[in-house]
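Heads up: the sequence shown is residues 0 to 335, going by numbering that gives the first Met the number 0. To start, the structure under review is shown below, and the notes come after it.
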Amino acid sequence: MEVAIVGAGPAGLSLAWFLKGTKYNATVYEALDDVGKKPCAWGLMSGVESLLPISKESIISEIKGFKIYLNDKLIHDIRERKTLGYIINKPLFLRNIAEKVDVKFNSKVVRKRENGREEFYLSSGEKVNADKVVISNGHYELPREHTVPAIQYLTDYKIDPEVVEFYFYSDLLGYAWVFPDDKGAKIGIGGYADVNFLKEKLAKMVKGKVFMFHGARVSDNGVEEPRLYDRMYVGEALGTVYPLTGEGIRPSILSSKIYADSLLEGKDFVKEFKSSRLYFSIQAQAKIIDGVKKNVISIGLLSKLITKSDPDLVYRIAIGDFTMTDLIKLFGRSLL
Numbered sequence: 000m001e002v003a004i005v006g007a008g009p010a011g012l013s014l015a016w017f018l019k020g021t022k023y024n025a026t027v028y029e030a031l032d033d034v035g036k037k038p039c040a041w042g043l044m045s046g047v048e049s050l051l052p053i054s055k056e057s058i059i060s061e062i063k064g065f066k067i068y069l070n071d072k073l074i075h076d077i078r079e080r081k082t083l084g085y086i087i088n089k090p091l092f093l094r095n096i097a098e099k100v101d102v103k104f105n106s107k108v109v110r111k112r113e114n115g116r117e118e119f120y121l122s123s124g125e126k127v128n129a130d131k132v133v134i135s136n137g138h139y140e141l142p143r144e145h146t147v148p149a150i151q152y153l154t155d156y157k158i159d160p161e162v163v164e165f166y167f168y169s170d171l172l173g174y175a176w177v178f179p180d181d182k183g184a185k186i187g188i189g190g191y192a193d194v195n196f197l198k199e200k201l202a203k204m205v206k207g208k209v210f211m212f213h214g215a216r217v218s219d220n221g222v223e224e225p226r227l228y229d230r231m232y233v234g235e236a237l238g239t240v241y242p243l244t245g246e247g248i249r250p251s252i253l254s255s256k257i258y259a260d261s262l263l264e265g266k267d268f269v270k271e272f273k274s275s276r277l278y279f280s281i282q283a284q285a286k287i288i289d290g291v292k293k294n295v296i297s298i299g300l301l302s303k304l305i306t307k308s309d310p311d312l313v314y315r316i317a318i319g320d321f322t323m324t325d326l327i328k329l330f331g332r333s334l335l
C-alpha cells in the first residue's frame, strides 16, 4: 500500500521510519531542498532514543539540569545525574533519518477538489498516486490564531552546556529561554504577545555576539479535533505541541508512532490517539492556557505556580508525564 507523507519534519520523517520494511510503502514529499529549516531551540527530551536513532554526531550536549527564573530572579537551580534530554543538531538529526527513507525534495504538494473529492498534486502538475495521504507540514497547515510567535537569537554567549534556562514573567503568557548551542547559546522568547513586545522583553537578555535572528509561529491551541477525526494529520499540523512549553519535536514523533502502530495493527487512529498519554497531556495543558485567556487565573499567578511549586511536579507537567492528580496539586480544580 502506498502512503504519501506531506512534509519532511520530525513527524513526517518519523512516520516514514516507523513504516519502513512493512506492507506500507511510504514516500515523503518535501517542498524545500533540505530538512530542519524551521527555527527552534533544538531541545529534545529523553525517550525518543528508544524510537529513532540519534547519532552521537547530532547530539550537541546532554541536559542534566535547568534553571527557572521569575521576573528575572532565579527561583530554582536543579541538577540531576541522569540525562533529562538533549540539545541536538536538528538538521543533522533529521538528515540521518531522511537518508534511510524515501524523501523527494523540492516537491511541493498542492490540494485540488475534483469530482467532490480531494486530490493531491505536485506543483509540477504530476498527480500524487497513493492509497493514503498523511499531512505533516507543521504550523503552515494551522490557522494563524491557533499559533503564537517565537523569536530567537543565535549568539556566542557561553553557558553551561548541560543546563537550560527558563524565564517566566508576570506580564507574559509564555516564557523566554537560554539553551546551549555548539556556537554558544540560543536566546529566545515566545508567547501571547506581538513581536515588538517580545523583542523588548528579550533585548535585556541577549549577550555575546549575535550571529542570527530568526523566528517562527508555533502551535499553541492543543490537538485540532476536526483534523484528528480526518485521520490524515500528524505532528504540529495536528496540533501536537505542548502548549505550556512549545515543545514540538518529541510530541510530533510520538503522534507518528501512534499513527504507524494504528496502521500496522489495524486499529482506529482516533481511538488509539485519544486514549494516549500524549493526547491527555496536550489537551490538559491547552485547558490551562485557555483558563488564563478567560481570566480564570491570572498570568502572574500562573507564572508563580510554575516557578515556585515543587520542581519535580512542574517538570513532569511540563514534559507531559503527569496525571490529573498532579494537575490538581499544582492548579487546584478551578482550571480543570
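Where is the CB? At the ideal position from N, CA and C, for every residue including glycine.
Sufficient close CB pairs (3 or more, under 8 angstroms) joining the region 110-125 to the region 54-71: no
DSSP three-state assignment for residue 146, whether helix, strand or coil: Taking the sequence shown and counting its residues from 1, the one referred to as residue 146 is at position 147. If DSSP states are grouped into helix, strand and coil, residue 146 belongs with the strands.
Closer than 8 angstroms is the cut-off here; do at least three beta carbon pairs connect the region 273-291 with the region 303-313? no
With DSSP run on the structure shown, which of helix, strand or coil describes residue 154? Along the sequence shown, one-based indexing puts residue 154 at 155. DSSP places residue 154 in strand when its eight states are reduced to three.
How many Å lie between residue 320 and residue 42 at the Cα? By one-based count along the sequence shown, residue 320 stands at place 321. By one-based count along the sequence shown, residue 42 stands at place 43. Cα to Cα, residue 320 sits roughly 17 angstroms from residue 42.
According to DSSP, is residue 171 part of a helix, a strand, or is it coil? Indexing the sequence shown from 1 puts residue 171 at position 172. Correct three-state label for residue 171: strand.
To the nearest angstrom, how far is the alpha carbon of residue 324 from that of residue 145? Within the sequence shown, numbered from 1, the residue matching residue 324 stands at position 325. Within the sequence shown, numbered from 1, the residue matching residue 145 stands at position 146. When rounded, the distance between both Cα atoms is 28 angstroms.
Can you find at least 3 beta carbon pairs, one from the region 220-236 and one from the region 20-29, that sit closer than 8 angstroms? no
Alpha helix (DSSP H) segment containing residue 268, residue limits: Counting from 1 along the sequence shown, the entry for residue 268 is found at position 269. Unbroken alpha helix (DSSP H) run through residue 268: 268-273.
In whole angstroms, give me the CA-to-CA distance for residue 163 and residue 124. Along the sequence shown, read from residue 1 onward, the residue named residue 163 stands at position 164. Along the sequence shown, read from residue 1 onward, the residue named residue 124 stands at position 125. So the two alpha carbons sit approximately 46 angstroms from each other.
7 angstroms CB neighbourhood of residue 78 in its chain, flanking five on each side removed: To locate residue 78, count along the sequence shown from 1; it is residue 79. Closer than 7 angstroms at Cβ, skipping near neighbours: 63 and 64.
Taking only runs of the beta strand (DSSP E) that begin and end inside the region 101-146, which ones reach a length of at least 3 residues, in chain order? 101-103, 108-113, 116-121 and 131-134
Proximal residues to residue 328 (C-beta, below 7 angstroms), its chain only, five neighbours per side dropped: Position 329 of the sequence shown, counting from 1, holds the residue named residue 328. Correct list, in chain order: 312.
So what's residue 11 in DSSP terms, helix, strand or just coil? Here residue 11 refers to the residue found at position 12 of the sequence shown. Helix.
With the cut-off set at 9 angstroms, would you say residue 197 and residue 188 are in Cβ contact? The residue given as residue 197 occupies position 198 in the sequence shown. The residue given as residue 188 occupies position 189 in the sequence shown. Against a cut-off of 9 angstroms, the Cβ pair of residue 188 and residue 197 comes out as a contact.
Report the rounded CA-to-CA distance for residue 209 versus residue 130, giving the unit in angstroms. Position 210 of the sequence shown, counted from the start, is the residue given in the question as residue 209. Position 131 of the sequence shown, counted from the start, is the residue given in the question as residue 130. Spanning the two alpha carbons is a distance of roughly 47 angstroms.
Count the other CB atoms within 10 Å of the CB of residue 29; is the residue buried (16 or more) or exposed (fewer)? For the purposes of this step, residue 29 is identified with residue 30 of the sequence shown, where counting begins at 1. It is buried - the Cβ of residue 29 has at least 16 other Cβ atoms within 10 Å.
So, using beta-carbon positions, are residue 108 and residue 40 closer together than 9 angstroms? Stepping through the sequence shown from its first residue, residue 108 is reached at position 109. Stepping through the sequence shown from its first residue, residue 40 is reached at position 41. Not a contact, by the Cβ cut-off of 9 angstroms.
Specify the secondary structure class of residue 64 as computed by DSSP and reduced to three states. Residue 64 sits at position 65 when you count from the first residue of the sequence shown. In the structure shown, residue 64 sits in a strand (DSSP, three-state: E or B).
Residues in the same chain with beta-carbon distance under 7 angstroms from residue 148, minus the five sequence neighbours each way, listed in chain order, please. Residue mapping note: residue 148 aligns to position 149 of the sequence shown, counting from 1. The residues are 189, 194, 197, 214 and 216.
Best match in 257, 331, 292 and 233 for proximity to residue 171 [C-alpha to C-alpha]: Walking along the sequence shown from the start, residue 171 turns up at place 172. Among 257, 331, 292 and 233, the Cα nearest to that of residue 171 is on 292.
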